[in-house]
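Asks: Mapping of the sequence shown onto this note's numbering: position 152 corresponds to residue 157, and the numbering continues sequentially without gaps. Cβ atoms here follow ideal geometry from the backbone N, Cα and C, with glycine treated the same way. Sharing a structure here in structure tokens format.
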Amino acid sequence: MTILILYGTLEGQTAKVAERMADTLRNKGQQVTTLSVEQLPTNFEVNNFDATIIGGSIHMGDYPNQLKKFVMTNLDWLNNVPSAFFTVCMGIHSQHVETREEAGHFGEDFVAQSGWHPKLIETFAGAVKYTQYNFVTRFIMKLISKREGGSTDTSHDHEYTDWETVDCFAEKFMAVIAELERI
Ligand SMILES: Cc1cc2nc3c(=O)[nH]c(=O)nc-3n(C[C@H](O)[C@H](O)[C@H](O)COP(=O)(O)O)c2cc1C
């Protein structure tokens, strides 16, 4: 199968998650293309792909605009191929249960509003990349990290992604494809 993994990222963690999934699927013999939604070639054609995983990170409670636009523009295709959606954010790693619950709803709320029906939806913890932020963002992210139980050491970046959960999601997607191929 030809699988498209399309992602929307601001600081790169969602791209890293997408590449990890691609490795898992390639190891299972699938033909996988990973693409940033910001860098779609002009002649890009969704119909060249049999299945897709779409992923986006959350900033200020929302997904990247280009990602939202892609989903709305390609709804028919998305609902006609095996598809999955993942979210990367930090709320899911909070020490506060309400924040974790809120973060767990980003994906479901988005697909419900869009009318897309992916077979799988998952939320992964991302990273706090202090070294990539400007002074103001670093200051705000440090305050939020303190409140939510993350590291306040701004001298380096902190990755919270659980790679086993990411691998598990890719395996589940393989199972979805295998099931459909059997029908
Ligand atoms: C300016 C800023 C705003 C953010 N807003 C949220 C948010 O509203 N909710 C949340 O759960 N995480 C939030 N995060 C955390 C990001 O989702 C997390 O850092 C993620 O790994 C970013 O993924 P990316 O590198 O693929 O863009 C924010 C991060 C930054 C820098």
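Quick one, which of Val86, Gln36 and Ile149 has its alpha-carbon nearest Ser99's?
Replies: Ile149
Asks: Apply the 10 Å Cβ neighbour rule to Ile145 and answer buried if 16 or more other Cβ atoms are within range, or exposed otherwise.
Replies: exposed
Asks: Which runs of the alpha helix (DSSP H) spanning at least 4 residues fall entirely within the segment 31 to 67, listed in chain order?
Replies: none
Asks: Would you report the Cα separation of Phe90 and Pro123, rounded to the nearest angstrom?
Replies: 6 Å
Asks: Does the distance from the CB of Gly112 to the CB of Arg105 come in under 8 Å?
Replies: no
Asks: Quick check on Tyr165: does DSSP put it in helix, strand or coil?
Replies: coil
Asks: For Asn79, does the count of other Cβ atoms within 10 angstroms reach 16, so buried, or fall short, so exposed?
Replies: buried
Asks: If we ignore side chains and look at the alpha-carbon of each, how far apart do Gly262 and Arg187 end up?
Replies: Residue 262 cannot be examined here, being either before or after the span of the chain that is shown, 6 to 188.
Asks: So what does DSSP say about Ser99, is it helix, strand or coil?
Replies: Assigned with DSSP and collapsed to three states, Ser99 falls in coil, not helix or strand.
Asks: Determine the direct distance from the alpha carbon of Leu9 to that of Leu40, and round the result to whole angstroms.
Replies: 8 Å
Asks: Just to confirm, is the Cβ distance from Gly155 to Cys94 under 8 Å?
Replies: no
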